[in-house]
DNA sequence: GTTTGCATGTAAACGGTTACATGATTGG
DNA sequence: CCAATCATGTAACCGTTTACATGCAAAC
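Residue numbers (this note's numbering), protein chains in the order written: chain A, 1 to 176; chain B, 177 to 352.
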């Protein structure tokens with residue numbers, strides 16, 4: 001999902017500025033499977049405006065840049081739906097942690113333990129954020145998508161917790 | 177994990193040509209959390225050679241380009257371990273499917289069903305591949321990393337299967 | 001008094017993908 | 001007969017990240 005499509009999606013829910021779009025991507029139900037930085041969002045919004053997929057109205061502010069509030073147009077809605085309808089690209093799950101684990105035999109035992117702790121903590125956080133987002137009233141579909149992510153995170157956590165000590169024990173045995 | 181690091185990792189296991197590195201990334205335990213294309217691998221190997229992290233020996237072949245067999249050097253091993261030791265970047269899970277599901281209310285019911293079926297089939301395949309890779313003798317660590325991915329996939333599948341019909345029923349009710 | 005939040009934008013650099021070029025061999 | 005496998009490599013292009021520029025106000 002490129003940033004243009006992400007922007008269109010967010011704008012189907014409500015009008016927003018570039019700044020607000022970033023916030024919405026970070027919070028709630030969009031994370032963890034989409035991302036967008038300012039450097040990508042602002043140019044994307046300009047291109048969408050040129051293409052007439054969104055319209056802008058500026059709101060003057062004192063001592064601050066004007067708020068540029070974007071709304072999706074009918075053409076934008078059609079383009080967005082069209083992009084969801086055409087065959088989706090595959091999920092891409094890049095995990096430096098999992099990759100590192102494959103080579104854990106090259107790493108000090110202590111460091112592996114730290115990495116595991118950090119990863120578990122991080123996954124717990126992500127899960128908590130998803131649960132929080134889920135608490136707010138949502139459409140059934142959003143609930144569904146959120147639940148899918150929660151299921152994956154919860155299973156990962158359970159696996160890590162139950163295999164952590166085992167792994168250490170086995171390594172200790174192997175060291176004898 | 178950039179392609180250079182991925183190449184180094186593969187080469188810690190065994191010498192390989194660029195072509196073989198690609199194959200090993202696609203098969204077995206590396207998928208689904210790493211990827212690398214030829215257009216990335218060959219330049220990466222050239223850079224690694226320049227940096228003395230790998231060495232090459234060419235094997236002449238008739239009617240085919242020479243096989244260039246790469247070996248990791250001591251310096252390469254150290255660089256690889258160092259890159260695993262420094263703070264890892266976060267996992268990035270980009271899921272066009274999950275994103276599309278968030279906006280499923282904009283899509284025809286039939287199309288959603290198709291997307292779900294395709295995604296379930298795809299996830300089943302990925303899980304099967306992981307289980308297959310796991311059947312071959314592996315180090316404990318590789319088994320651990322593989323198991324983590326399997327747990328996540330299995331949980332996702334279970335979730336999708338158990339919520340699929342519910343989703344359809346609810347939608348049918350909502351349509352009345 | 002420093003950090004965070006608000007608010008927009010540009011430009012250079014980066015890493016990677018896609019398509020192309022070349023071409024014999026084997027298997028369906 | 002066509003597709004896939006083996007085998008390397010280049011070049012154009014793409015989207016994105018990162019760093020920079022600007023600057024007030026409120027909260028801690």
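For glycine and all other residues, C-beta sits at the position ideal for the given N, C-alpha and C.
- Per DSSP, the beta-bridge partners of residue 68 (chain A) are A:58.
- The residues 29, 130, 133, 134 and 138, in chain order, have a CB closer than 8 Å to that of residue 146 (chain A) in the same chain once the five nearest residues on each side in sequence are set aside.
- Between residue 82 (chain A) and residue 273 (chain B), the alpha-carbon positions lie close to 14 Å from each other.
- Here residue 289 (chain B) is not bridged, per DSSP, to any residue.
- In this structure, DSSP gives residue 92 (chain A) an extended state, which the three-state scheme calls strand.
- Annotation: the continuous alpha helix (DSSP H) that includes residue 199 (chain B) extends over 194-202.
- Within the model, the alpha-carbon separation for residue 324 (chain B) versus residue 269 (chain B) is close to 15 Å.
- A contact between stretches requires three or more CB pairs, one per stretch, nearer than 8 Å, and the stretch 333-341 of chain B meets this requirement with the stretch 290-302 of chain B.
- With contact defined as three or more Cβ pairs closer than 8 Å, the stretch 247-264 of chain B and the stretch 214-232 of chain B are in contact.
- Contact between the stretch 114-121 of chain A and the stretch 1-21 of chain A is not established, with fewer than three Cβ pairs separated by less than 8 Å.
- Excluding residues up to 5 positions away in sequence, 72, 77 and 80 lie with their Cβ nearer than 8 Å to the Cβ of residue 12 (chain A) in the same chain.
- In this structure, the alpha-carbon of residue 223 (chain B) lies about 25 Å from that of residue 101 (chain A).
- Per DSSP, the unbroken alpha helix (DSSP H) holding residue 250 (chain B) starts and ends at 250-261.
- A straight line joining the alpha-carbon of residue 280 (chain B) with that of residue 150 (chain A) spans about 18 Å.
- Of all residues in the stretch 82-108 of chain A, those with a C-beta nearer than 8 Å to a C-beta of chain B are 84, 85, 88, 89, 90, 91, 92, 93, 94, 95, 96, 97, 98, 99, 100, 101, 102, 103, 104, 105, 106 and 107, reading in chain order.
- For the stretch 21-37 of chain A, the residues whose beta carbon sits under 9 Å from a beta carbon of chain B are, in order, 29, 30, 32, 33, 34 and 35.
- Per the coordinates, the alpha-carbon of residue 67 (chain A) lies some 40 Å from the alpha-carbon of residue 211 (chain B).
- When DSSP states are grouped into helix, strand and coil, residue 306 (chain B) belongs to the helix group.
- By the neighbour-count criterion, in which 16 or more other beta carbons inside 10 Å mark a residue as buried, residue 262 (chain B) falls on the exposed side.
- The beta carbon of residue 40 (chain A) is closer than 7 Å to those of 3 in its chain, skipping five residues each way along the sequence.
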